[in-house]
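**Q** Line order of the protein sequences matches chains E and Z. Our numbering puts the last residue of the first sequence at 186; the count rises by one with no breaks. Our numbering puts the last residue of the second sequence at 1156; the count rises by one with no breaks. Virtual Cβ for every residue (Gly too), placed ideally from N, Cα, C. I'd like to ask some things about the structure below.
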Amino acid sequence: MIGTTSALIAAAALMLLLIAWVRADKALRDLPLGSEGWLSGPEEGAELEACPPEFVSQIFSNCDVAYVERMNSPELERRFHHERNGVALLWVRETAAAVDRIVRSHAEASRRSRDIEFITEASIFFQYVQLRAACAFMFVGIGLAGAQKVRAVAFYADSLNQRIGQVAREFDAGLRAQEMKGAGPS
Amino acid sequence: MSAEVKLMPLQQAYDDLVYRSLSRVPCELGRLIYLASTREYNTGHYYHEGLADRFGPDAAQKALEIAHRQAFYKVSAYSLEDLVEELEQYLTSTKEEPQECLRAWQKLEPYRITVPADVNATVARLFTSNLRLALAILRFRQRPSRQHPQAASPQQ
């Protein structure tokens, strides 16, 4: 009996997760004027400009929701949530892609380095796992409850992303200095 | 953009652009549209005859590019409420029939071409999304049957 109940709960949870995922994916693809190819970002290999933190607070802010609610129009509210969730999902996807890129290039740099610190590497990896989990949570959460409900997780993810980027940049700078010293006159 | 653009002419070109041209435009959205209009559609290069004559084409292009990005990020950072006010101000300043302008903007979405090249994709999406919402809010406000929420008396 307990087994059947657990299986039913698990199936319901899985179904809910699937619905949220499909909704989030649809909101991300559902761009009002068809193709927005230029929004897919710069070409392969080009330097990507990160989303400034003040825009992250704006995307997940409650002020715009309150303003739209004052209009007393369910149609405007529905439209607002549709638009804002689309932007939030794009940010989640961009953040996940950015941290993947940082960690990949850091792994390449680590292979060239002669003195790798275990604690630094473990810390980067741990933060990377946390950030990817936060992105997955937000992707589902935005689909289920909307962008404003995952506000705290978004701020946490943004600060993690900046921290990982900072550590990786410092590591790269150290490695470059090491390589220049090695290439200098002996 | 050539690396030969010296800092001094660039700064002078930028200041000249801000004080001589942009200060005459009544709102930030208007400035953004003006700056985007100095960009050639086919090449993406910026061109302003007066500025290029005075400071050279490279400095003029760089100054226009910087001012365009600044105006874009400034408008993108507006709250929805501020953007609605800004849009209203811009539409009034065009001297066209506001209703007709609103309809054309909703249909053609001309503001899409005001996005500078290589800006962050999320900010670009936030900008177009907020403008769509601002247009919808302005259209909603102009509906004759609608009772303004501020004018409505409390139902208690």
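Is there a C-beta anywhere in chain E that falls below 8 Å from the one on residue 1122 of chain Z?
**A** True, the Cβ-Cβ gap to chain E drops below 8 Å.
**Q** So the candidates are Z/1139, Z/1126, Z/1142, Z/1143; which of them puts its Cα closest to the Cα of residue 64 of chain E?
**A** It is Z/1126 whose Cα lies nearest to the Cα of residue 64 of chain E.
**Q** Along the chain, where does the alpha helix (DSSP H) containing residue 76 of chain E start, and where does it finish?
**A** Looking at the DSSP string, the run of the alpha helix (DSSP H) that includes residue 76 of chain E is 74–112.
**Q** Does DSSP put residue 1046 of chain Z in a helix, a strand or coil?
**A** Strand.
**Q** Is there a Cβ from chain E that is less than 8 Å from the Cβ of residue 1103 of chain Z?
**A** It does not: the Cβ of residue 1103 of chain Z has no partner Cβ on chain E nearer than 8 Å.
**Q** When you compare each of E/168, E/10, E/20, E/158 to residue 91 of chain E by their alpha carbons, which one comes out closest?
**A** Per the Cα distances, E/158.
**Q** Along chain E, which residues have their Cβ under 9 Å away from the Cβ of residue 1100 of chain Z?
**A** Going along chain E, no residue has its Cβ under 9 Å from residue 1100 of chain Z, so there is no contact; the nearest lies around 20 Å.
**Q** Hey, could you find the ends of the alpha helix (DSSP H) residue 1086 of chain Z is sitting in?
**A** Looking at the DSSP string, the run of the alpha helix (DSSP H) that includes residue 1086 of chain Z is 1080–1093.
**Q** For the segment 1039–1057 of chain Z against the segment 1088–1105 of chain Z, do three or more pairs of beta-carbon atoms, one drawn from each stretch, fall closer than 8 Å, so that the two count as touching?
**A** Taking 8 Å as the limit for Cβ pairs, the verdict is that the segment 1088–1105 of chain Z does not touch the segment 1039–1057 of chain Z.
**Q** Can you tell me the Cβ-Cβ gap for residue 168 of chain E and residue 106 of chain E, rounded? I've got them flagged as a contact below 8 Å.
**A** So it is a contact: roughly 4 Å between Cβ atoms.
**Q** Within the same chain, show all residues whose beta-carbon is closer than 8 Å to that of residue 1094 of chain Z, passing over the 5 residues directly before and after it, in chain order.
**A** Cβ within range, chain order: 1101.
**Q** Residues in the same chain with beta-carbon distance under 7 Å from residue 1084 of chain Z, minus the five sequence neighbours each way, listed in chain order, please.
**A** 1134, 1137, 1138, listed in sequence order.
**Q** Does any CB atom of chain E fall closer than 8 Å to the CB of residue 1065 of chain Z?
**A** Chain E contact via Cβ: absent.
**Q** If you measure between the beta carbons of residue 19 of chain E and residue 88 of chain E, is that distance less than 8 Å?
**A** In this structure, residue 88 of chain E does not lie closer than 8 Å to residue 19 of chain E by Cβ.
**Q** Can you tell me the Cα-Cα spacing of residue 1142 of chain Z and residue 156 of chain E, whole angstroms?
**A** For residue 1142 of chain Z and residue 156 of chain E, the distance between alpha carbons rounds to 40 Å.
**Q** Contact criterion: CB-CB distance below 8 Å. Does residue 42 of chain E meet it with respect to chain Z?
**A** Interpretation of residue 42 of chain E is limited by its pLDDT of 43, a score under 50 that renders its predicted location unreliable; no figure is taken from the coordinates.
**Q** Given that a residue counts as buried once 16 or more other Cβ atoms are within 10 Å of its Cβ, and exposed if not, what is residue 4 of chain E?
**A** Result: exposed.
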